[in-house]
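Working notes, beginning with the structure itself.
There are 2 protein chains.
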Amino acid sequence: MPKPHYKPDSFHLRDSMGYLIKRAQRLMQERIERLFEQQNFTLQQWAVLMYLRDGLATTTADMCRNLHHDSGAMTRLIDQLESRKLIERRRSADDRRVVELSLTEAGAEVLDTLIPTACDALNTALDGFTREEVKMLQSMLRRLIGRMEELMPNAPAASDKEKVS
Amino acid sequence: MPKPHYKPDSFHLRDSMGYLIKRAQRLMQERIERLFEQQNFTLQQWAVLMYLRDGLATTTADMCRNLHHDSGAMTRLIDQLESRKLIERRRSADDRRVVELSLTEAGAEVLDTLIPTACDALNTALDGFTREEVKMLQSMLRRLIGRMEELMPNAPAASDKEKVS
DNA sequence: CTATAATGCCTGCCTAGGCAGTCATTGCCG
DNA sequence: CGGCAATGACTGCCTAGGCAGGCATTATAG
Numbered sequence: 001m002p003k004p005h006y007k008p009d010s011f012h013l014r015d016s017m018g019y020l021i022k023r024a025q026r027l028m029q030e031r032i033e034r035l036f037e038q039q040n041f042t043l044q045q046w047a048v049l050m051y052l053r054d055g056l057a058t059t060t061a062d063m064c065r066n067l068h069h070d071s072g073a074m075t076r077l078i079d080q081l082e083s084r085k086l087i088e089r090r091r092s093a094d095d096r097r098v099v100e101l102s103l104t105e106a107g108a109e110v111l112d113t114l115i116p117t118a119c120d121a122l123n124t125a126l127d128g129f130t131r132e133e134v135k136m137l138q139s140m141l142r143r144l145i146g147r148m149e150e151l152m153p154n155a156p157a158a159s160d161k162e163k164v165s
Numbered sequence: 001m002p003k004p005h006y007k008p009d010s011f012h013l014r015d016s017m018g019y020l021i022k023r024a025q026r027l028m029q030e031r032i033e034r035l036f037e038q039q040n041f042t043l044q045q046w047a048v049l050m051y052l053r054d055g056l057a058t059t060t061a062d063m064c065r066n067l068h069h070d071s072g073a074m075t076r077l078i079d080q081l082e083s084r085k086l087i088e089r090r091r092s093a094d095d096r097r098v099v100e101l102s103l104t105e106a107g108a109e110v111l112d113t114l115i116p117t118a119c120d121a122l123n124t125a126l127d128g129f130t131r132e133e134v135k136m137l138q139s140m141l142r143r144l145i146g147r148m149e150e151l152m153p154n155a156p157a158a159s160d161k162e163k164v165s
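Chains as they are written, first to last, in this note's numbering: chain A, 1 to 165; chain B, 1 to 165.
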């Protein structure tokens, strides 16, 4: 690596990619969550509902892996959504260990009200960005994510025992 | 706004800027924190030390505002760093409400070992990005942050009572 | 000068997430 | 078939952060 992006001597936190991303993330989350809180929803809860709607995950373990969320926390999160009648649990017949999740009518309706809110928040935050800039930002973030995922093979977060060789 | 970036009908979580940023942030944090954990440091703790070193904040309240951190949590975080002899508290003479913070020798030494670690982590994560791409990514994130900060005038997180008009 | 507001730091309470461990079920091996 | 690892869901424990309240000190209004 001929030219490192960051050098210890001249390092300043405010230029750090980690710092910038963290700050952006925090602001974005606060922003959207403030809009969601009237209906008592959390970003994570919303993400779970979205993933269910789009069929990106159908079981608890799927959800954990795809959202990089702790499995214990996921169980409790699902408890809440279930008690609010937004999703349903159903023990799988094929593999009786797994619990299949599904969106209820009420859940789908709630999503219909949350999505426009989220879109608005994103659009106003990205106001001033051109279409191309947004595309570029997305693609760069995706590259960064991909890069870090391959650097972190057995990323935990979806804890559940894992042998470390 | 003639052309919104996101439309409710065609919205998919995985294209959402919030989702991408969150995922990138999470991976980055896990990555760096895993490197820091041998020396028992947290990103926030490191950030506080860095801010102190660079004189970007000298009091608890400063720290909270600049790092968007809760003031209660900040007090406890500083308790820890103080008990580890990395920073010192000193009641200000001018304004006896204020507690001035300062880095100790030990604190500065610790920083010298942490910074290279962080740089490495960032550099390897950004491997594959050109110098220009990194600059562009930084600048876009800064724009986004600036935009959201002005949209969130009285952002809390540095809680402490605030009248809402 | 005094009463009231604002500020800074701190504390207690609550919730969410990380982590380890449990139990049931399934896959894999001989 | 029988034993053992792996998997999925779940639970308890611990810690960090969000939030509200408290106290001391300073700023402001009248």
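Glycine included, every Cβ here is placed at the ideal spot set by N, Cα and C.
None of the values given here were measured: they were computed from a predicted structure.
### Query
Between the segment 123 to 146 of chain B and chain A, which residues of the former have a C-beta closer than 8 Å to a C-beta of the latter?
Here the close residues are ASN123, THR124, ALA125, LEU126, ASP127, GLY128, PHE129, ARG131, GLU133, VAL134, MET136, LEU137, GLN138, MET140, LEU141, ARG142, ARG143, LEU144, ILE145.
### Buried or exposed (CB count within 10 angstroms, at least 16 for buried), HIS12 (chain A)
Within the first sequence, the letter at position 12 stands for residue 12 (chain A). HIS12 (chain A) is exposed by the Cβ-count criterion.
### Query
Cα-Cα, which of B:TYR19, B:ASP9, B:ASP62, B:LEU86 is closest to ASN40 (chain B)?
On the second sequence, position 40 is the one that residue 40 (chain B) refers to. Nearest of B:TYR19, B:ASP9, B:ASP62, B:LEU86 to ASN40 (chain B), Cα basis: B:LEU86.
### Query
Curious, which full-length alpha helix (DSSP H) runs of at least 4 residues does the segment 54 to 91 of chain A contain?
Positions of the alpha helix (DSSP H) runs, each at least 4 residues long and wholly inside the segment 54 to 91 of chain A, are given as 60 to 67, 71 to 83 in order along the chain.
### Message
Looking at the secondary structure, which residues open and close the beta strand (DSSP E) in which LEU167 (chain A) lies?
### Response
Given that chain A is displayed from residue 1 to residue 165, the structure contains no residue 167 (chain A) and the question cannot be resolved.
#### Entry: Whether LEU141 (chain B) touches LEU20 (chain A) by CB criterion (8 Å)
By one-based count along the second sequence, residue 141 (chain B) stands at place 141. By one-based count along the first sequence, residue 20 (chain A) stands at place 20. Yes; because the gap between Cβ atoms is below 8 Å, this pair is in contact.
### Message
Would MET198 (chain B) and LEU122 (chain A) qualify as a contact pair, given that the criterion is a beta-carbon distance under 8 Å?
### Response
Any question about residue 198 (chain B) goes unanswered here, given that chain B covers just 1 to 165.
### Any C-beta of chain B under 8 Å from that of ILE32 (chain A)
Within the first sequence, the letter at position 32 stands for residue 32 (chain A). Answer yes: the Cβ-Cβ gap between ILE32 (chain A) and chain B drops below 8 Å somewhere.
### Message
If contact is defined by three or more beta carbon pairs under 8 Å, each pair taking one atom from either stretch, is the segment 104 to 113 of chain A in contact with the segment 43 to 62 of chain A?
### Response
yes
### Three-state secondary structure assigned by DSSP to ARG26 (chain A)
Walking along the first sequence from the start, residue 26 (chain A) turns up at place 26. Secondary structure of ARG26 (chain A) (DSSP, three-state): helix.
### Query
Is it buried or exposed for GLN45 (chain A), if we count other Cβ within 10 angstroms and need 16 for buried?
If you number the first sequence from 1, residue 45 (chain A) lands on position 45. Looking at its Cβ environment, which holds 16 or more other Cβ atoms inside 10 Å, GLN45 (chain A) is buried.
### Message
Can you check whether the C-beta of CYS64 (chain B) is within less than 8 Å of a C-beta belonging to chain A?
### Response
To locate residue 64 (chain B), count along the second sequence from 1; it is residue 64. False, the Cβ-Cβ gap to chain A never drops below 8 Å.
### Task
Note down, in chain order, each residue of its chain lying with its Cβ closer than 8 Å to the Cβ of GLU82 (chain A), except the 5 sequence neighbours on either side.
Taking the first residue of the first sequence as position 1, residue 82 (chain A) is located at position 82. Excluding sequence neighbours, GLU82 (chain A) sits near GLU88, ARG89.
### Task
Count the other C-beta atoms from every protein chain shown that fall within 10 angstroms of the C-beta of ARG31 (chain A), then say buried if there are 16 or more, exposed otherwise.
One-based indexing of the first sequence puts residue 31 (chain A) at position 31. Buried.
### Task
Examine chain B for any beta-carbon lying closer than 8 Å to the beta-carbon of LEU101 (chain A), and answer yes or no.
Residue 101 (chain A) sits at position 101 when you count from the first residue of the first sequence. Taking Cβ atoms only, chain B never reaches closer than 8 Å to LEU101 (chain A), which makes this a no.
### Query
In whole angstroms, what separates the C-alpha of ARG34 (chain B) from that of ALA24 (chain B)?
Residue mapping note: residue 34 (chain B) aligns to position 34 of the second sequence, counting from 1. Residue mapping note: residue 24 (chain B) aligns to position 24 of the second sequence, counting from 1. Between ARG34 (chain B) and ALA24 (chain B), the C-alpha separation is close to 15 Å.
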